[in-house]
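*Asks:* Residue 308 in this note's numbering sits at position 232 of the sequence shown, and the numbers go up by one each step.
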Amino acid sequence: YNVAAVINVLAAVILLCNIKHIGISNAAATAPLVTSATDAAATTATAAANTMIAASSSTRYQPNLPATYLAGTLGHLFLAGGSCHVLADSIQHTHRRLYTSGTYQRLTLGTLLFGLVGLISLPGEAGCILLSSSPAVAATAAAASSSSSTIYSGIAALLTAQLAKFITAFVSFLGWEYGAGGFGTGRQQRLKNILGEIGGGLKRAWSTMPVTEERPATFYRTFLIFVTLGNLVFNLPELAFHLQQGGGGGLFSLSASLTVSSMGRLGLLSVLLYILKDGAERKRLEGTTFVKLNMMVGLWALGVGIAQGMADGPSMPFNVRQAADKFLFALLFLNNGILSQLSKMGIIKRRDEDDPDSDPPLRVVF
């Protein structure tokens with residue numbers, strides 16, 4: 077898990093170092109293909125970038141490519157990398173609770189989902205870098221870096237991101253196999269157990285959704301419902317549209333791969349929200365794991381909000397209206413994480429005396 081966390085952070089760093097190319101890609105994503113004689117001698121990666129443009133020009137292309145790119149990048153850094161760090165910590169410092177705690181078993185399934193779905197998202201966020209190396213894009217951007225160095229950067233980002241997803245999925249599978257009892261040995265038994273785990277997990281999750289006096293965590297439950305339904309209602313039709321209209325790229329066109337990447341990322345986010353909901357119901361939000369999860373979700377949303385506000389370009393004013401929803405999302409989770417940590421440290425009172433059932437306390441009493 078520590079290796080998976082490090083590789084996810086490395087993938088995020090490489091993607092962040094190439095974010096300067098994304099504004100170029102966004103501005104010229106639907107530029108016509110270059111068909112001059114020089115294009116015939118283009119490298120394989122450059123030709124692939126031209127194919128991405130062709131596939132993207134016939135689809136409802138991502139309207140905010142910088143925000144989409146940064147959401148995937150920070151997904152590696154905060155969501156996947158942070159989750160792997162929490163799982164590693166559960167083995168090293170909490171008496172191997174990975175094997176007994178429902179919290180860590182759910183988190184293992186979340187990282188497994190992120191890795192498996194992410195492996196299908198080719199080229200994913202790295203495709204945005206390769207897109208900017210195309211002669212069609214470079215011809216429209218005077219500030220573009222040399223095509224060859226951009227190609228190498230894109231290939232490095234692609235390989236590192238896929239390696240991070242593979243290692244995340246692999247160690248998560250091992251964690252489930254040796255921690256939660258595994259999926260069985262024979263092929264039929266394994267498939268039966270996998271379907272049983274999925275069905276049982278969904279059934280248990282559904283049974284805990286109604287709000288009761290024993291389960292008052294409406295804050296996390298509300299966000300869990302919105303994120304999960306949003307992933308299904310928006311991303312699935314979006315993917316179907318791209319597959320139908322995406323030309324020769326199909327599932328591996330840039331537009332479709334970014335949608336698949338979003339599905340894996342939001343799937344992991346749904347798992348994190350469910351874990352936080354369960355922790356709130358058990359009055360455990362002051363635990364180190366839940367403080368980390370709150371901060372991870374909040375920092376991810378904050379970064380995406382900054383990207384949305386700057387999507388119009390560095391020369392344009394910051395668009396607060398585009399970023400407002402993500403900033404609100406981030407503020408609430410960062411608030412919960414910080415207050416829970418301060419309460420754990422004894423700096424603020426454990427509960428709001430006027431509303432002892434509030435979880436976490438939204439009013440600070442020093």
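We put the CB at the ideal spot given by N, CA and C, even for glycine. Just so we're clear, the structure is a prediction, and the values are computed from it rather than from any experiment.
Please state the DSSP three-state secondary structure of residue 388.
*Replies:* Coil.
*Asks:* Cβ atoms of residue 245 and residue 188: under 9 Å apart, would you say?
*Replies:* Yes, the Cβ-Cβ distance between residue 188 and residue 245 is below 9 Å.
*Asks:* Is the distance from the Cβ of residue 378 to the Cβ of residue 352 below 9 Å?
*Replies:* Their beta carbons are not under 9 Å apart, which means residue 378 does not touch residue 352 by this criterion.
*Asks:* Could you check which residue in 241, 227, 77 and 343 has the C-alpha nearest to that of residue 166?
*Replies:* Residue 166 has its Cα closest to that of 77, out of 241, 227, 77 and 343.
*Asks:* Is residue 393 buried or exposed, if buried means 16 or more other CB atoms sit within 10 Å of its CB?
*Replies:* With fewer than 16 Cβ atoms within 10 Å of its Cβ, residue 393 is classed as exposed.
*Asks:* Taking all protein chains shown into account, decide if residue 343 is buried (16 or more other Cβ within 10 angstroms of its Cβ) or exposed.
*Replies:* Its Cβ being crowded by 16 or more others within 10 Å, residue 343 is buried.
*Asks:* Suppose you measure from the CA of residue 252 to the CA of residue 182; what does that come to, to the nearest Å?
*Replies:* If you take the alpha carbons of residue 252 and residue 182, they lie about 10 Å apart.
*Asks:* Measure how close the beta-carbons of residue 398 and residue 406 come, nearest whole angstrom, since I'm counting them as under 8 Å.
*Replies:* That belief does not hold up - the Cβ atoms of residue 398 and residue 406 are roughly 14 Å apart, past 8 Å.
*Asks:* Short of 7 Å in beta carbon distance, which residues of its chain neighbour residue 318, apart from the five on each side in sequence? Order them along the chain.
*Replies:* The answer, listed in chain order, is 135, 329, 331, 332 and 335.
*Asks:* Helix, strand or coil, according to DSSP, for residue 359 in the structure here?
*Replies:* Here residue 359 sits in coil by DSSP.
*Asks:* Quick check on the burial criterion: 16 or more other C-beta atoms within 10 angstroms. Buried or exposed for residue 225?
*Replies:* Exposed.
*Asks:* Please name the residue, chosen from 157, 94 and 186, that lies closest to residue 228 on a Cα-to-Cα basis.
*Replies:* Nearest of 157, 94 and 186 to residue 228, Cα basis: 94.
*Asks:* According to DSSP, is residue 253 helix, strand or coil?
*Replies:* Helix at residue 253.
*Asks:* Can you tell me whether residue 305 is helix, strand or coil according to DSSP?
*Replies:* Helix.
*Asks:* Is DSSP giving residue 329 helix, strand or coil here?
*Replies:* Residue 329 falls in the coil class under three-state DSSP.
*Asks:* Taking 8 Å as the limit between beta carbons, can you name the residues of its chain near residue 479, skipping five residues before and five after?
*Replies:* Absent from the model: residue 479. The displayed extent of the chain is 77 to 442, so no value can be given.
*Asks:* Starting from the C-beta of residue 200, find all residues in its chain whose C-beta is less than 7 Å away, skip the five residues before and the five after it, and write them out in chain order.
*Replies:* Hits under 7 Å: 148, 237, 333, 334 and 337.
*Asks:* With a threshold of 9 Å between beta-carbons, can residue 362 be considered close to chain B, or not?
*Replies:* In the structure shown, chain B cannot be found, because there is only a single protein chain.
*Asks:* Would you give the residue range spanned by the alpha helix (DSSP H) that residue 314 belongs to?
*Replies:* Where residue 314 is concerned, the enclosing alpha helix (DSSP H) stretches over 312–321.
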